Structures are given as C-alpha cells and as structure tokens.
Amino acid sequence: MAEQRSLPVPDGLEGERLDAALSRLFGFSRTRAAELIVSGDVLVDGSPAAKSDRVHGGAWLEVTLPPPPTAPMPVAEPVPGMKIIYEDDDIVVVNKPIGVAAHPTTGWTGPTVIGGLLGTGHRVATSGAAERQGIVHRLDANTTGAMVVAKSEHAYSNLKRAFKERTVDKRYHALVQGHPDPLRGTVDAPIDRHPSGDGRFAVVAGGKESVTHYDTIEAFRAASLLDIKLETGRTHQIRVHMSALRHPCVGDMMYGADPTLAARLGVTRQWLHAVSLAFEHPATGEWVSFTTDYPDDLAHALKVVGSES
1 MAEQRSLPVP DGLEGERLDA ALSRLFGFSR TRAAELIVSG DVLVDGSPAA KSDRVHGGAW
61 LEVTLPPPPT APMPVAEPVP GMKIIYEDDD IVVVNKPIGV AAHPTTGWTG PTVIGGLLGT
121 GHRVATSGAA ERQGIVHRLD ANTTGAMVVA KSEHAYSNLK RAFKERTVDK RYHALVQGHP
181 DPLRGTVDAP IDRHPSGDGR FAVVAGGKES VTHYDTIEAF RAASLLDIKL ETGRTHQIRV
241 HMSALRHPCV GDMMYGADPT LAARLGVTRQ WLHAVSLAFE HPATGEWVSF TTDYPDDLAH
301 ALKVVGSES
C-alpha cells in the first residue's frame with residue numbers, strides 16, 4: 001500500500017532543486033527522487049513540479065511513496081545436480097551446484113536451495129523471513145559445495161547462534177592466480193559494499209570485520225590451490241580478500257581474474273568450492289563433519305593447470 005507523506009520545505013533547503021531536496025528529506029537517491037517527480041507522485045503547494053524546479057522554505061510538499069517491493073517467495077521445484085549429503089529430523093546438508101542461490105532475492109530468477117528442497121518434499125524450518133526459511137548461512141550462486149539447512153525450529157536457532165558465534169568450521173578450496181607470499185597467512189581486512197554501487201564488495205575502511213585464513217595445498221606454474229578457513233562470513237569474503245592480495249580466484253572476472261587463464265582452464269566462474277562444513281549437531285551436541293567432492297568444471301581445471309606445471 002502506497003504511503004502519503006506531507007511536510008513543509010525546511011528553510012535550510014531554500015533554493016535547492018526539488019530532486020536534491022527530496023533526496024535530503026527522505027534519504028533516497030536523486031535518481032529515485034526524479035522518478036517520483038516524473039511519475040507525478042510529488043506535489044509542491046498542490047501542483048506537479050519539475051525535478052529542476054527550485055524549492056522555497058515553507059512550500060508544502062506532498063509525496064506519494066510506493067509500497068516497498070515484496071520479497072520473492074521460493075519456487076518449489078527440484079534443482080538438477082543438487083545432492084543431499086546428509087539428512088535427519090533437524091538438518092539437511094546439500095552439495096550445492098553452480099548457478100543456484102541459497103534463497104530467493106529481488107532480481108534473482110534462477111533456482112534456489114530452499115526451492116529445490118521444498119520441490120523434492122523436504123520439510124524446512126519456518127523461522128526467519130518467509131523467503132529464507134531454514135537458511136542459516138549462504139554460498140554465492142556460483143560457489144559450489146557444502147551447505148546446511150535447518151529443518152526444525154530449534155535447529156534453526158542453534159545453528160544461527162553457532163554461525164554468529166563462529167563455532168562452525170567452514171573450509172573452502174580456492175584455485176587462485178599466481179603464488180601468495182607468504183604461502184600461509186591470514187587476511188584481516190574490513191569488507192563492505194564497493195563504492196561504485198555495482199554489486200561488488202571491497203576492502204573498505206570502516207567496513208565489517210572480516211578474517212580469512214589460507215594455506216597453500218599445492219603450487220602450480222600459473223596458480224595455487226589454497227585451503228581456506230573462514231573466521232567471519234561476509235558476502236564475497238574469500239573473493240574480495242584474494243583479490244586484495246592480487247591473487248584473485250581463477251575465473252573470477254568480477255574481481256580482476258585473467259580471462260585468458262580462465263578460458264585455457266575451461267572455467268566460467270570463480271574456482272571456489274565449500275569443501276567441508278563441521279559443527280555441533282543442533283539436537284545432539286555431537287561434533288559432525290561433512291565433505292564434498294569438486295564438481296566437474298573445477299576438477300577439470302585443476303587437472304589442466306596441473307598438467308601445465
């Protein structure tokens with residue numbers, strides 16, 4: 001339902017363009033303000049106005065704000081290639097394939113883990129937002145590997161707490177360009193949205209604390225296979241930290257990877273796989289661990305890079 005807002009223009013905005021004044025008053029972008037003005041949703045003293053019109057202190061603004069977009073709901077349909085590694089009454093652990101998001105988001109029209117589980121008759125916890133039922137952590141759509149989903153309400157609560165308190169052991173393997181120096185180390189650098197606003201993340205002063213531990217498993221001529229342990233779980237964390245070290249994940253064009261190397265190895269996405277996940281079982285308290293094999297595209301790329309060394 002649309003929201004009506006009416007208020008006088010503060011004297012401090014005297015002489016400002018209408019789009020700039022709206023942006024400052026309501027906190028949205030000038031582009032968004034201009035869209036509202038053009039669509040006739042902004043009246044100044046009862047009359048439509050242009051975005052470049054100058055406002056005067058005391059003029060009466062009437063703004064019609066559209067309702068916030070509703071979160072998309074999961075589509076219950078099986079996801080080809082998504083394998084169940086383990087399942088009991090409380091949790092289900094999957095090996096997530098490429099091109100699958102954890103849950104629906106605005107703008108994502110592809111398959112999701114939650115939709116795939118519902119589509120094959122699996123029950124999931126109903127805690128949390130409706131579109132994220134049972135989801136306690138996420139992998140990027142094009143990052144493959146181990147992911148746990150809560151089926152019971154107490155499992156959801158316990159696992160959310162475990163991830164927040166960092167008692168979950170999350171291990172990834174990444175094939176990165178070149179050879180990190182030192183071969184083993186820790187990246188402790190804050191992450192937030194990239195200033196460009198293009199969907200990327202970056203190491204940003206004042207960002208969220210982000211800690212990544214890495215160890216070289218094998219060094220090849222053009223790349224290195226790393227074992228990575230996440231201490232925190234920020235969006236794109238490994239990809240951002242490896243790029244910051246100037247050793248981006250092979251195939252990760254969003255974060256500066258070499259397209260020639262990616263093409264030679266036959267990868268069309270970041271070489272990054274959640275190889276294992278271990279945690280206290282939310283019902284029994286027992287320490288449980290799950291591992292996953294590399295998918296075909298990553299295994300093939302590793303074979304090729306190994307043959308070149």
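Counting in the UniProt record's numbering, the sequence shown runs from 1 upward without gaps.
Just so it is clear, CB atoms sit at the ideal spot from N, CA and C, and this is done for glycine as well.
Treat the numbers as computed from the prediction; the structure is a model and nothing was measured.
In this structure Arg54 touches Gly15 by the C-beta definition: roughly 5 angstroms separates them, less than 8 angstroms.
CA-to-CA, the gap between Arg17 and Ala129 works out to about 39 angstroms. Boundaries of the alpha helix (DSSP H) harbouring Ala263: Pro259 to Leu265, taken from the DSSP string. Looking at Trp60, Glu35, His56 and Leu36, the one whose alpha-carbon comes closest to that of Ser47 is Trp60. Around Asn142, the same chain offers Ile98, Gly99, Arg269 and Gln270 as residues with beta carbons nearer than 7 angstroms, after the five sequence neighbours per side are excluded. According to the DSSP assignment, His173 belongs to the beta strand (DSSP E) that extends over Asp169 to Gln177. Note on geometry: alpha-carbon atoms of Asn95 and Pro74 lie some 19 angstroms from one another.
Just measuring C-alpha positions, the residue of Thr144, Val304 and Asp45 sitting nearest Lys83 is Thr144. Taking 8 angstroms as the upper bound for CB-CB distance, Val93 and Ala146 are in contact here, some 6 angstroms apart.
In this structure, Met242 lies near Ala174, with their beta-carbon atoms less than 8 angstroms apart. Across the set Ala262, Asp296, Thr112 and Thr291, the C-alpha of Ala262 shows the shortest separation from the C-alpha of Gly178. Taking all protein chains shown into account, Leu117 has 16 or more neighbouring C-beta atoms within 10 Å of its C-beta and is therefore buried. Following the DSSP letters along the chain, one finds Arg24 inside the alpha helix (DSSP H) bounded by residues Leu18 to Phe26. Looking at Asp45, Gly40 and Gly58, the one whose alpha-carbon comes closest to that of Asp11 is Gly58.
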